[in-house]
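Numbered per our numbering, the sequence shown finishes at 515, counting up by one with no gaps.
Glycine included, every Cβ here is placed at the ideal spot set by N, Cα and C.
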Amino acid sequence: MDVLDIARWQFGIITVYHFLFVPLTIGLTAVIAGLETAWVRTGKEDYLRLTKFFGKLFLINFAIGVVTGIVQEFQFGMNWSDYSRFVGDVFGAPLAVEGLLAFFLESTFLGLWIFGWDKLPRGVHAACMWLVHLGTLASSWFILAANSWMQHPVGYRYNPESGRAELTDFWAVMFNKVQVVTFPHVIFAAYMTAGTFVLGVAAYLYMRKKHEADRPMYHRAIRIGAVITLLAGIGVAVTGDLQGKVMTEVQPMKMAAAEGLYESSDGCAPFSVFTIGTPDGKEEKFAVTVPCLLSFLGTGSFDGTVEGINPLREEYAETYGSDPTSKAYTAGDYTPVIPVTYWSFRFMMGLGFFAAAGAALILWLTRKGRTPGVRWLGVLGLSLPIATTLASSWGWIFTEMGRQPWVVFGLMTTESGVSPGVSVFEAATSLVVLTSLYALLAVIEVKLLVTYINKGAEPYQEPPRVKVGGSDDEDAPLTFAY
């Protein structure tokens with residue numbers, strides 16, 4: 034393995050690992066804010082207990098997510114310095130705003146939420162978590178805007194003297210057509226992940242005899258999680274359809290690779306349910322397809338034209354040229370790894386549909402206060418959170434791998450973005466150290482979650498009523514609620 038291979042493996046491991054926490058963090062802030070708002074409005078004890086219980090699990094996930102996210106910044110400078118130099122002027126603005134505005138917004142109001150139970154009026158305290166959620170949405174917007182620019186560069190000019198892309202239109206980057214469809218898709222997926230997490234944890238506690246007295250509360254939480262999952266799943270499907278049409282327009286090779294479509298179709302392009310190709314990824318050997326469905330998904334018309342892999346190979350080679358010194362992309366082969374792109378797309382869709390269908394089944398089985406059998410509840414309670422987490426991860430893998438060999442589509446290949454001064458030993462050392470550290474953090478995360486999940490929700494303890502303007506005892510210290 035050379036530096037490029039090691040750097041790609043390191044980026045993949047760190048990014049996918051970090052993204053395990055991101056959807057759950059975004060989604061749980063909305064769920065917790067909704068539960069606390071329900072308690073403020075109704076006064077029902079169960080809502081407060083669930084708020085504090087899932088708030089505790091959220092804080093564990095949030096802390097690990099922040100730690101793993103910081104490393105992302107460092108690896109751009111360590112392993113991808115040429116890429117960082119090329120995109121720095123464009124990425125500087127959105128990522129700076131993300132750090133100064135979005136992250137400080139969510140961290141400030143999260144602190145107020147944690148320590149303000151006996152200092153803030155109940156409505157104000159609930160509003161703090163809504164502002165935390167707003168901060169996570171803002172943070173997601175700016176980060177996804179940067180990533181969408183990598184998929185579809187806009188609002189820039191290339192400076193040949195500096196060899197850099199320079200920002201010319203901030204708003205074009207912020208409202209890139211890829212960004213406009215990617216953001217809601219990611220956020221709905223986050224809500225779906227949080228919904229299945231609530232459902233799964235509540236189902237587990239519902240089945241334990243230790244928490245038998247709290248079964249009505251966990252039954253309610255199961256249904257809340259299922260409703261969130263089902264509604265978010267519909268949102269994921271709708272925005273995914275819109276995203277597919279934009280992808281067909283701006284990244285036709287990614288769509289062709291995702292469907293194993295080797296030759297262009299002037300109309301009625303088939304959707305591949307299952308395809309086997311040659312090892313070199315240049316020819317289809319066997320396929321099970323649905324006629325005309327790909328044309329509709331990609332263009333909105335059953336007669337729409339979808340370009341194939343082989344014609345696009347020739348077009349890209351003519352447009353971008355070939356690099357005979359390139360190890361990975363000789364003869365101008367600007368094609369992603371087709372099996373990875375093809376199957377990651379199907380794993381993402383299949384697991385997402387499974388989670389939505391499972392949530393619908395849970396709602397049916399728990400209707401009118403009914404209780405599903407332990408077997409159904411156990412299987413779905415355990416499998417649905419895993420399914421949505423893996424679906425989000427496979428979606429991220431598809432997004433990044435489907436763009437290859439480009440790190441910035443049409444402008445810079447991944448190979449040309451790697452740091453020129455990093456040795457194989459240095460890259461391998463950082464890979465081993467960071468992967469080992471992340472493995473340790475995974476053990477800590479799982480141990481903490483299992484420990485606090487097994488404890489269940491704490492008994493009801495009503496927070497003090499605080500008047501607008503502060504507590505009766507202004508000298509009382511801030512109290513950590515957990």
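Which partner residues of residue i appear in the DSSP bridge assignment?
i           : result
residue 198 : 191
residue 101 : The partner list for residue 101 (beta bridge, DSSP) is empty, contrary to what the question assumes.
residue 322 : 305
residue 441 : 445
residue 130 : Note: residue 130 sits in no beta bridge, so no partner.
If you run the structure through DSSP and keep just helix, strand and coil, what is residue i?
i           : result
residue 334 : coil
residue 64  : helix
residue 1   : The chain is shown only over 34 to 515; residue 1 falls outside these bounds and no answer can be derived.
residue 49  : helix
residue 339 : strand
residue 367 : coil
residue 392 : helix
residue 152 : coil
residue 114 : helix
residue 94  : helix
residue 493 : coil
residue 455 : coil
residue 386 : helix
residue 487 : helix
residue 231 : helix
residue 76  : coil
Can you give me the Cβ contacts of residue i inside the same chain, cut-off strictly under 6 Å, excluding the 5 residues immediately before and after it?
i           : result
residue 51  : 101, 102
residue 183 : 441
residue 300 : 336
residue 137 : none
residue 168 : 135, 138, 139
residue 95  : 58
residue 421 : 225, 226, 229, 388
residue 86  : 490
Counting only the same chain and skipping the five closest in sequence on each side, list residues whose C-beta sits under 7 Å from that of residue i.
i           : result
residue 375 : 290, 291, 293, 308
By the 10 Å Cβ neighbour count, where 16 or more other Cβ atoms means buried, how is residue i classified, buried or exposed?
i           : result
residue 494 : exposed
residue 79  : buried
residue 296 : exposed
residue 180 : buried
residue 419 : exposed
residue 333 : exposed
residue 195 : exposed
residue 469 : exposed
residue 369 : buried
Using a Cβ-Cβ cutoff of less than 8 Å, which residues in the same chain neighbour residue i once the five nearest sequence positions on both sides are dropped?
i           : result
residue 201 : 188, 189, 190
residue 519 : In the structure as shown, the chain begins at 34 and stops at 515. Residue 519 is therefore absent and cannot be evaluated.
residue 69  : 80, 81, 84, 158, 159, 162
residue 66  : 159, 162, 163, 165, 166
Cβ contact (3+ pairs, closer than 8 Å) linking the region 138-156 and the region 224-231: In short, these stretches do not touch, since the Cβ pair count stays below three.
Three or more C-beta pairs below 8 Å linking the region 268-282 and the region 206-225: They touch, by the three-pair rule.
Touch test, the region 115-122 against the region 444-461, Cβ-Cβ under 8 Å, three pairs minimum: Short answer: they touch.
The region 118-131 in contact with the region 75-92 per 3-pair CB rule at 8 Å: No contact exists between the region 118-131 and the region 75-92.
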